[in-house]
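Every letter in the sequence shown is one number past the one before it in this note's numbering, and letter 201, counting from 1, is 214. We treat Cβ as the ideally placed atom computed from N, Cα and C, and that holds for glycine. This report refers to the structure that appears directly beneath it.
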Amino acid sequence: MPRWNVNGNFSLGNMDTGNIRDMFYVAAPWGSGSWGIQGATFTSADRKLSGQRFYCTGNNAYMYGKEERGEWGFVRYIQGDAWGGTHQGPVPWHKPPPLSISGKTLTMSLGLYRDTHTFLGSGRHWVMYAINIWVSSPNFPLGRDINHKKPLVLDLAFFHSGPLNTHISNDAHHYQEAIGTAPVRSWHSQSFNLSNYINRALLHFHLPSTDAKVYQVEFLIELVNAEGAAMIDNFHLDY
Numbered sequence: 014m015p016r017w018n019v020n021g022n023f024s025l026g027n028m029d030t031g032n033i034r035d036m037f038y039v040a041a042p043w044g045s046g047s048w049g050i051q052g053a054t055f056t057s058a059d060r061k062l063s064g065q066r067f068y069c070t071g072n073n074a075y076m077y078g079k080e081e082r083g084e085w086g087f088v089r090y091i092q093g094d095a096w097g098g099t100h101q102g103p104v105p106w107h108k109p110p111p112l113s114i115s116g117k118t119l120t121m122s123l124g125l126y127r128d129t130h131t132f133l134g135s136g137r138h139w140v141m142y143a144i145n146i147w148v149s150s151p152n153f154p155l156g157r158d159i160n161h162k163k164p165l166v167l168d169l170a171f172f173h174s175g176p177l178n179t180h181i182s183n184d185a186h187h188y189q190e191a192i193g194t195a196p197v198r199s200w201h202s203q204s205f206n207l208s209n210y211i212n213r214a215l216l217h218f219h220l221p222s223t224d225a226k227v228y229q230v231e232f233l234i235e236l237v238n239a240e241g242a243a244m245i246d247n248f249h250l251d252y
């Protein structure tokens with residue numbers, strides 16, 4: 014089957030960002046033809062995340078995030094472009110051509126080593142380990158994505174510390190579903206029919222499938238007053 018993203022086995026040069034504190038971080042350590050890395054918050058004005066680290070050994074990719082201000086934070090490995098850039102300028106990582114979902118069976122696979130997570134401080138707490146898939150179409154409602162539409166994002170979770178919340182925000186249609194349980198400190202491998210999840214999400218929000226395409230794929234850890242870490246490998250979108 015053809016493969017949409019590249020370097021999913023992370024057989025890349027060694028990379029280590031070291032510990033990064035209080036920063037909105039965007040980078041493409043292997044250049045414009047491979048993975049991007051990002052750590053930030055969705056909600057704070059400065060978008061700075063309390064702590065983060067990324068490294069790659071040439072066999073798998075590690076990520077760590079820490080959020081301790083009660084904001085919605087994340088760390089992620091990413092390819093594609095759903096928004097036409099980042100808050101720091103153009104997307105520096107690999108941007109494959111948008112992938113039409115029409116007439117195709119999309120298959121997603123991932124190897125995940127979920128490290129422990131810790132809740133920090135008081136107030137609300139949240140941790141989610143998930144694959145994110147961003148879908149857009151010229152036939153979606155108006156919004157602010159790369160097509161000036163309100164995109165669909167699928168949060169396909171391997172672990173979530175609280176109830177999932179499928180909803181519509183100002184920016185996107187958020188479809189959340191648990192797709193498996195990744196044990197702590199043990200490798201978990203999973204492949205699944207991504208088309209089925211996309212079709213369910215489109216149906217849930219009454220969005221048309223006509224001209225719908227995948228624009229972005231990522232693995233992320235989402236955090237509120239928490240820290241967490243993981244390693245990933247064999248992360249592929251095939252069609």
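Just to confirm, are I33 and Q65 a CB contact at a threshold of 8 Å? The residue given as residue 33 occupies position 20 in the sequence shown. The residue given as residue 65 occupies position 52 in the sequence shown. Yes, Cβ-Cβ distance for I33 and Q65 is below 8 Å.
Is V197 buried or exposed, if buried means 16 or more other CB atoms sit within 10 Å of its CB? Along the sequence shown, one-based indexing puts residue 197 at 184. By the 10 Å Cβ count, V197 comes out exposed.
According to the neighbour-count rule (16 or more other Cβ atoms, all chains shown, within 10 Å of its Cβ), is T70 buried or exposed? Position 57 of the sequence shown holds residue 70. Classification of T70: exposed, given that the 10 Å Cβ count is below 16.
Using the rule of at least 16 other Cβ atoms within 10 Å of the residue's Cβ for burial, across every protein chain shown, is I181 buried or exposed? One-based indexing of the sequence shown puts residue 181 at position 168. That one is exposed.
Report the three-state DSSP secondary structure of I234 (helix, strand or coil). Here residue 234 corresponds to residue number 221 of the sequence shown, with the count starting at 1. Looking at I234 - three-state DSSP - the assignment turns out to be strand.
Please list, in chain order, all residues of the same chain as H138 whose beta carbon is under 7 Å from its beta carbon, the five residues on each side excluded. In the sequence shown, residue 138 corresponds to position 125, counting from 1. Correct list, in chain order: F132, S174, V237, N238 and A239.
Take G83 as the anchor and find which of R60, L250 and V39 has the nearest alpha-carbon. Within the sequence shown, numbered from 1, the residue matching residue 83 stands at position 70. The shortest Cα separation from G83 among R60, L250 and V39 belongs to R60.
In chain order, which beta strand (DSSP E) runs of at least 3 residues are fully inside the stretch 155-223? 165-173, 186-191 and 200-206
Just the Cα atoms here: how many angstroms apart are S57 and D35? Working through the sequence shown from its first residue, we reach residue 57 at position 44. Working through the sequence shown from its first residue, we reach residue 35 at position 22. Using only the alpha carbons, I get a separation of about 12 Å.
Near G136, which residues of its chain fall below 7 Å by C-beta distance, leaving aside the five closest residues on each side in sequence? Within the sequence shown, residue 136 is the residue found at index 123, counting from 1. These residues qualify, in order along the chain: G83 and N238.
Compute the Euclidean distance between the alpha carbons of S113 and K226, then round it to the nearest angstrom. On the sequence shown, residue 113 is found 100 positions in, with the first residue counted as 1. On the sequence shown, residue 226 is found 213 positions in, with the first residue counted as 1. Cα to Cα, S113 sits roughly 4 Å from K226.
Consult DSSP for V88 and reduce its assignment to one of helix, strand or coil. As a working note, residue 88 is residue 75 in the sequence shown. Strand at V88.
If we require 3 or more residues per run, which beta strand (DSSP E) segments fall completely within the stretch 104-139? 120-132
Under the DSSP definition of a beta bridge, which residues are partnered with D331? Past the edges of the chain, shown from 14 to 252, lies residue 331, and the structure says nothing about it.
Taking contact to mean at least 3 C-beta pairs separated by less than 8 Å, is the stretch 73-89 in contact with the stretch 44-57? yes
Going by C-alpha distance, which of Y77, S202, M28 and Y228 is nearest L167? On the sequence shown, residue 167 is found 154 positions in, with the first residue counted as 1. Out of Y77, S202, M28 and Y228, Y228 has the C-alpha closest to the C-alpha of L167.
Buried or exposed: which applies to D29, given that a residue is buried once 16 or more other Cβ atoms fall within 10 Å of its Cβ? Taking the first residue of the sequence shown as position 1, residue 29 is located at position 16. Exposed.
Within 10 angstroms of the Cβ of G93, are there 16 or more other Cβ atoms? Answer buried if so, exposed if not. The sequence position of residue 93 within the sequence shown is 80, counting from 1. Result: buried.
Would you report the Cα separation of E81 and L62, rounded to the nearest angstrom? The residue you call residue 81 lines up with position 68 of the sequence shown. The residue you call residue 62 lines up with position 49 of the sequence shown. Answer to the nearest angstrom: the Cα atoms are 8 Å apart.
Over what stretch of residues does the beta strand (DSSP E) that includes Y38 continue unbroken? Along the sequence shown, one-based indexing puts residue 38 at 25. Run containing Y38: Y38 to A40, per the beta strand (DSSP E) assignment.
Is the beta carbon of A143 sitting closer than 8 Å to the one on F171? The residue given as residue 143 occupies position 130 in the sequence shown. The residue given as residue 171 occupies position 158 in the sequence shown. The answer is yes: Cβ separation under 8 Å.
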